[in-house]
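Novice:
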Ligand SMILES: Nc1ncnc2c1ncn2[C@@H]1O[C@H](COP(=O)(O)OP(=O)(O)O)[C@@H](O)[C@H]1O
Ligand SMILES: [Mg+2]
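Residue numbers (the working numbering): 2 to 280.
(1) Using only the alpha-carbon positions, how far apart do residue 108 and residue 16 sit?
(2) Three-state secondary structure (DSSP) at residue 12?
(3) Could you tell me if the beta carbon of residue 45 falls within a distance shorter than 7 Å of some heavy atom in ligand 1?
(4) Between the beta-carbon of residue 105 and the beta-carbon of residue 138, is there less than 8 Å?
(5) Cα separation between residue 64 and residue 240?
(6) State the Cα-Cα distance for the pair residue 46 and residue 30, rounded to the nearest angstrom.
(7) Are the region 51 to 59 and the region 210 to 228 touching by the rule of at least three beta carbon pairs closer than 8 Å?
(8) For the beta strand (DSSP E) containing residue 86, name the first residue and the last one.
(9) In the region 54 to 140, which residue ranges form an unbroken beta strand (DSSP E) of at least 3 residues, counting only runs that do not cross its ends?
(10) Quick check: the Cα distance between residue 186 and residue 19, rounded to an integer number of angstroms?
(11) For residue 179, report the span of its beta strand (DSSP E) as first-last.
(12) Apart from the five residues just before and just after residue 122, which ones in its own chain have a Cβ nearer than 7 Å to its Cβ?
(13) Quick one: what does DSSP say residue 199 is sitting in, helix, strand or coil?
(14) Report the option in 118, 48, 67 whose CA atom is closest to the CA atom of residue 85.
(15) Given residue 76, which residues of its chain have a CB within under 7 Å of its CB, disregarding the five upstream and five downstream residues?
(16) Can you tell which of 154, 87, 97, 190 has its C-alpha closest to the C-alpha of residue 162?
Okay, here's the thing in structure tokens:
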């Protein structure tokens with residue numbers, strides 16, 4: 002982990018949203034076997050030529066077929082993997098390794114089963130946070146995600162949706178300038194998923210961060226994002242890149258039945274190779 006992680010921060014002050022930029026980012030992995038698609042010189046090209054800039058406070062949804070490299074791009078943004086080419090900038094500065102400005106949330110809440118909900122959220126606090134301030138921050142975040150009554154529960158005693166809310170609070174405890182979410186609601190039932198989407202919007206208002214949201218759900222992207230980026234590849238060129246960038250009209254919260262959004266939904270589904278009239 003980067004030594005910059007040890008920087009203490011005031012847990013109670015609001016985070017400042019940071020810009021995130023991919024400059025010519027590519028990713029290739031050493032091939033596990035010579036039969037993989039896109040295999041070239043013993044490496045599999047997963048991403049190529051990604052140029053993308055997220056403005057501070059923007060919510061950007063990343064869509065793409067399964068295996069198109071969405072998680073790979075998010076891991077690069079998180080500093081969990083280094084790109085094979087190109088550069089990542091966080092808050093306007095080149096970033097390698099895990100940036101103290103970024104926090105990540107995954108599809109599984111990844112809570113520690115032996116710790117209470119409170120203590121799991123406290124794990125996200127920046128190192129060196131004053132104890133009293135840390136406690137106050139956790140209490141505030143638990144209230145923000147509606148878990149104030151579950152502080153002492155263990156992860157096994159709460160529902161999947163509640164665990165995902167605790168996971169979100171833990172990510173926010175880091176006071177991230179950039180929140181990176183990889184299909185965060187993908188494992189939840191449809192109703193809980195909608196509630197979590199509303200919660201994410203409330204959280205985004207209360208804690209201004211930039212959000213990169215990986216999702217395979219077109220409706221989720223349309224409900225939440227300022228812009229939607231679609232990753233995809235062409236048959237003859239190894240590696241996925243940005244195929245479409247779409248600005249989503251209308252202030253949030255949006256009317257899910259809006260006609261303009263329905264048209265965009267059709268466009269996005271067609272881009273993803275799904276016939277919108279057959280769903
Ligand atoms: N560490 C790795 N080593 C080798 N191949 C990988 C690794 N991580 C991902 N891949 C490959 O990269 C491709 C994209 O994966 P991923 O980013 O998980 O796609 P998505 O999230 O869009 O479904 C897949 O073919 C996957 O097998
Ligand atoms: Mg993925």
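For each residue, glycine too, the CB sits at the ideal point set by N, CA and C.
Specialist: On the basis of the data shown:
(1) 23 Å
(2) Reliability fails at residue 12, whose pLDDT of 48 lies under 50, so the model's placement of it is uncertain and no value is given.
(3) Within the cutoff, so yes.
(4) no
(5) One C-alpha to the other measures close to 15 Å.
(6) 7 Å
(7) yes
(8) Run containing residue 86: 86 to 91, per the beta strand (DSSP E) assignment.
(9) 60 to 64, 86 to 91, 103 to 106
(10) 23 Å
(11) Start and end: 179 to 183.
(12) 139, 142, 143, 167, 170, 171, 174
(13) Residue 199 carries a helical assignment under DSSP once its states are collapsed to helix, strand and coil.
(14) 48
(15) Contacts found: 82.
(16) 190
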